[in-house]
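So the structure is just underneath, and the comments pick up after that.
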Amino acid sequence: MKKKHITAFVQTQYGRYECLLESDEKKGFIVTASGLPGVTTWGKNIAHAKKMAKEAIELCIECRVETSLHGFKTKSKTPTKELLTI
Numbered sequence: 719m720k721k722k723h724i725t726a727f728v729q730t731q732y733g734r735y736e737c738l739l740e741s742d743e744k745k746g747f748i749v750t751a752s753g754l755p756g757v758t759t760w761g762k763n764i765a766h767a768k769k770m771a772k773e774a775i776e777l778c779i780e781c782r783v784e785t786s787l788h789g790f791k792t793k794s795k796t797p798t799k800e801l802l803t804i
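So the sequence shown is numbered by the numbering used here: it starts at 719 and just counts up by one.
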């Protein structure tokens with residue numbers, strides 16, 4: 719099967735992001751968000767892939783904001799957990 723490559727724009731609450739959708743062997747689409755390293759997801763069709771991309775992009779941005787606000791720095795070598803209410 720020849721792979722499809724589609725460029726799509728995904729509208730999120732934080733703006734519009736360009737994404738690359740690439741067909742895979744499971745008859746779905748792997749999605750990567752341009753300009754947001756590490757944001758990769760999967761959808762069973764184009765509409766589902768775009769929906770999953772929107773969710774992944776928004777979660778990535780929210781995590782980056784939380785990290786920059788709280789720093790998540792600790793001197794302890796033991797991992798700690800915090801409960802954040804959004």
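Where is the CB? At the ideal position from N, CA and C, for every residue including glycine. Being a predicted model, the structure only gives us computed values, none of them experimental.
Counting C-beta atoms within 10 angstroms of its own C-beta, residue 785 has fewer than 16 neighbours from the protein chains shown and is therefore classed as exposed. In this structure residue 737 is buried. Its beta-carbon is surrounded by 16 or more other beta-carbon atoms within 10 angstroms. For residue 729, the beta-bridge partners assigned by DSSP are 734. When secondary structure is reduced to three states using DSSP, residue 754 falls in the coil class, being assigned neither helix nor strand. With distances taken between CA atoms, residue 745 lies nearest to 762 out of 751, 762, 733 and 731.
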